[in-house]
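Chemist: Starting off with a structure, shown below.
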Amino acid sequence: MTYAIIGSGAIGHAIATQFARQGIDVMVANSRGPSSLTDMARALGPNIKPATTGDVVHADVVILAIPFGAIQAFAGSAGADWNNRLVIDASNAVDFPAFKPADLGGRLSTEIVAEAFPGARVVKAFNTVPAAKLEAPPAQAGGRRVVVLSGDDGSARSQVAALIERLGYAALDLGTLRQASHLQQFGGTLVAQDLIKLA
Ligand SMILES: NC(=O)c1ccc[n+]([C@@H]2O[C@H](COP(=O)([O-])OP(=O)(O)OC[C@H]3O[C@@H](n4cnc5c(N)ncnc54)[C@H](OP(=O)(O)O)[C@@H]3O)[C@@H](O)[C@H]2O)c1
1 MTYAIIGSGA IGHAIATQFA RQGIDVMVAN SRGPSSLTDM ARALGPNIKP ATTGDVVHAD
61 VVILAIPFGA IQAFAGSAGA DWNNRLVIDA SNAVDFPAFK PADLGGRLST EIVAEAFPGA
121 RVVKAFNTVP AAKLEAPPAQ AGGRRVVVLS GDDGSARSQV AALIERLGYA ALDLGTLRQA
181 SHLQQFGGTL VAQDLIKLA
């Protein structure tokens, strides 16, 4: 299984940190190219593989840690074939500077993301925890930090839940995108909440 993170900012760095802590190889790409990622790779260790956007579109599991508005263009990158691949959407559709949910005409941001990746199995995860908390060691206060997930493909949700647990967090499956929308989509009850599952 090959893993990739697109985006090396606050969220991409946080998730890459957990891959490095667990000794799992992960490609990381951003808009500036691999040479801009050498310091990050040096700091986090040999599991972090600086890559191009052209490389990461071929990973089995691709984690989207880029602005919502940049996802469509990334999905259409040359050579990308998304059929049956696992795409994890960590993005939030935010209206800046008001910092409110973007007006998507009643659609969920992850439904729009899923449309951009034809044939992919899309799961939303990692979007509710602020980056600094996501980057901290998942073992906290006698338990583990909770990462919630949702998606319309049950087996994809199970795979992502297993990855979340492997990274050290506690996974909480909220069901389909619609079932989870009032909890997980930006503006939802669990966004910016820091939940700990006690041991
Ligand atoms: N920050 C949080 O606490 C937080 C929490 C939950 C969810 N989120 C969501 O996570 C996503 C990332 O947020 P962030 O705070 O990590 O943002 P950020 O710090 O600004 O980082 C954004 C990253 O995306 C890359 N990028 C932008 N456009 C790209 C493109 N077209 N192709 C390839 N890479 C591109 C940037 O590349 P360069 O480095 O080359 O500029 C950068 O590495 C957003 O959707 C945000 O809503 C953020």
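Position one of the sequence shown corresponds to residue 1 (the working numbering), numbered consecutively onward.
A virtual CB, placed ideally from N, CA and C, is assigned to each residue, including glycine.
Here's a check: name, in chain order, each residue in its chain whose Cβ is nearer than 7 Å to the Cβ of residue 161, leaving out the five neighbours to either side.
Modeler: The answer, listed in chain order, is 149, 171, 173.
Chemist: Helix or strand or just coil, what does DSSP make of residue 1?
Modeler: Note: residue 1 maps to coil in three-state DSSP.
Chemist: Is residue 24 helix, strand or coil when you go by DSSP?
Modeler: Looking at residue 24 - three-state DSSP - the assignment turns out to be coil, as it is neither helix nor strand.
Chemist: For residue 157 versus residue 122, is the C-beta distance shorter than 7 Å?
Modeler: Not closer than 7 Å, so no.
Chemist: Note down the Cα distance separating residue 43 from residue 166, rounded to an integer number of angstroms.
Modeler: One C-alpha to the other measures close to 21 Å.
Chemist: According to the Cβ coordinates, are residue 37 and residue 8 closer than 7 Å?
Modeler: Yes, these two residues count as a Cβ contact at 7 Å.
Chemist: I'd like to know whether the C-beta of residue 179 is nearer than 7 Å to at least one C-beta of chain B.
Modeler: Among the chains in the structure shown there is no chain B, since it carries only a single protein chain.
Chemist: Restricting to Cα atoms, I'd like to know which of 111, 196, 179, 62 is closest to residue 142.
Modeler: Residue 196 is the option with its Cα nearest to residue 142.
Chemist: Within the continuous beta strand (DSSP E) that includes residue 32, where are the two ends?
Modeler: First-last for residue 32: undefined, no H or E at that position.
Chemist: Put residue 193 into one of helix, strand or coil per three-state DSSP.
Modeler: Coil at residue 193, not helix or strand.
Chemist: For residue 72, count the other beta carbons within 10 Å of its own beta carbon; 16 or more makes it buried, fewer makes it exposed. Which is it?
Modeler: Classification for residue 72: exposed.
Chemist: With 16 other CB atoms within 10 Å as the buried threshold, where does residue 60 fall?
Modeler: So residue 60 ends up on the exposed side.
Chemist: Rounded to whole angstroms, how far is the Cβ of residue 108 from the Cβ of residue 181, which I believe are closer than 8 Å?
Modeler: Between residue 181 and residue 108 the Cβ distance is about 5 Å, and since that is below 8 Å, they are a contact.
Chemist: List the endpoints of the continuous alpha helix (DSSP H) containing residue 173.
Modeler: Not the alpha helix (DSSP H): residue 173 falls in the beta strand (DSSP E), residues 170–173.
Chemist: Would you kindly work out how many angstroms separate the C-alpha atoms of residue 183 and residue 134, rounded to a whole number?
Modeler: Taking the straight line from one Cα to the other gives about 18 Å.
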